[in-house]
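Asker:
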């Protein structure tokens, strides 16, 4: 049997309002009880901007670590502006906040990357940071296309910084771009360091994240194509009538899938 994968629970799986009301620590505790290895803190779910101060991030980070969990710091900021330029200010702030939290990964959206990665500047920002920068395929046209991601990793290699950063491969988000996730997995697998696990129900603009079915052959095929050793994040909503049971069930299932 293959080794179990680390499973992370993304805070939003517990519900946006629940996290903003109860705070991240409450749901980190629930994640630990469910058997997760890690917990993804979502900056956009902070109840107040003061939650993002260095002091409060350090406190939260210590509390998460004391539970025996490692953390991901996720921000809605983009690495590149809509015009395709590196957003060095957003990168700097995101790294500073992730370091304060003590995160293993800092996750940004890709944004409007076009051609130049500006890899030397990214490398300079990451020089003393003991974390990994990962960019996620989003639901929007800018930052969600397969061509942008293959172009980014080609550009990093061309600029002499292959391996500088990795990818969060969101299986469900490809649906918003009408891309089959298995088609994206083949060219991107070598760069994937974290997986957001969800499927999608609905059509057009009314698409919603959902839990994969146990017999979902397409979802299983995508997982098989991606690296086995990278952590898998639960980013689909739990059933609010049985949150604890749902969380424990999906952690165990995804670890072994």
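Residue numbers (my numbering): 1 to 257. Using N, Cα and C, we set each Cβ at its ideal position, and we do this for glycine too. Please read these numbers as outputs of a predicted model, since none were measured by experiment.
In this structure, does DSSP put residue 1 in helix, strand or coil?
Answerer: Confidence is the limiting factor: at residue 1 the pLDDT is only 41, short of 50, which leaves the residue's position unreliable and the question unanswerable from this model.
Asker: Would you kindly work out how many angstroms separate the C-alpha atoms of residue 47 and residue 60, rounded to a whole number?
Answerer: Going from the Cα of residue 47 to the Cα of residue 60 covers about 14 Å.
Asker: Identify every residue that forms a DSSP beta bridge with residue 109.
Answerer: BP columns for residue 109 point to 78, 136.
Asker: Could you tell me which uninterrupted beta strand (DSSP E) segments, each at least 3 residues in length, are contained entirely in the stretch 157-240, listed from first to last along the chain?
Answerer: List check, beta strand (DSSP E) in window: 166-170, 192-197, 199-203, 206-210, 232-234.
Asker: Would DSSP call residue 67 helix, strand or coil?
Answerer: Looking at residue 67 - three-state DSSP - the assignment turns out to be coil, as it is neither helix nor strand.
Asker: Using the Cα positions of residue 226 and residue 190, report the straight-line distance between them to the nearest angstrom.
Answerer: Using only the alpha carbons, I get a separation of about 8 Å.
Asker: Pairing CB atoms from the stretch 169-177 with CB atoms from the stretch 198-215, are three or more of them under 8 Å?
Answerer: Cβ pair count under 8 Å is three or more, so yes.
Asker: Quick one: give me the first and last residue of the beta strand (DSSP E) that residue 42 is part of.
Answerer: Start and end: 38-42.
Asker: Would the stretch 145-157 count as touching the stretch 91-106 if we require 3 or more Cβ pairs under 8 Å?
Answerer: Result no; under three Cβ-Cβ pairs closer than 8 Å.
Asker: In angstroms with no decimal places, state the Cα-to-Cα distance between residue 56 and residue 50.
Answerer: Between residue 56 and residue 50, the C-alpha separation is close to 7 Å.
Asker: Would you call residue 208 buried or exposed, if buried means 16 or more other Cβ atoms sit within 10 Å of its Cβ?
Answerer: Burial call: exposed.
Asker: Sorted by chain position, which residues of the same chain lie with C-beta nearer than 6 Å to residue 181's C-beta, five sequence neighbours on each side aside?
Answerer: So the qualifying residues of the chain are 171, 174, 222.
Asker: Tell me, to the nearest whole angstrom, how far the beta carbon of residue 78 is from that of residue 111; I am working on the premise that it is less than 8 Å.
Answerer: Right, the Cβ-Cβ distance comes to about 3 Å (below 8 Å), so this counts as a contact.
Asker: Would you mind sorting residue 134 into buried or exposed? The rule is 16 or more other CB atoms within 10 Å of its CB.
Answerer: The residue is buried, with at least 16 neighbouring Cβ atoms inside 10 Å.
Asker: By the DSSP assignment, the alpha helix (DSSP H) with residue 94 in it spans what residues?
Answerer: Residue 94 -> alpha helix (DSSP H) spans 88-101.
Asker: Below 8 Å between beta carbons: does that hold for residue 247 and residue 9?
Answerer: The answer is yes: Cβ separation under 8 Å.
Asker: Select from 98, 136, 152 the residue whose C-alpha is nearest the C-alpha of residue 330.
Answerer: Any answer about residue 330 is impossible in this case: the structure gives the chain only from 1 up to 257.
Asker: So the alpha helix (DSSP H) residue 22 belongs to, where does it begin and stop?
Answerer: Its alpha helix (DSSP H) spans residues 16-22.
Asker: Using beta-carbon positions only, say whether residue 166 and residue 193 come within less than 8 Å of one another.
Answerer: In contact: residue 166 and residue 193 (Cβ atoms closer than 8 Å).
Asker: Flag residue 197 as yes if its beta-carbon sits less than 8 Å from any beta-carbon of chain D, otherwise no.
Answerer: This model lacks chain D altogether, as it is built from one protein chain only.
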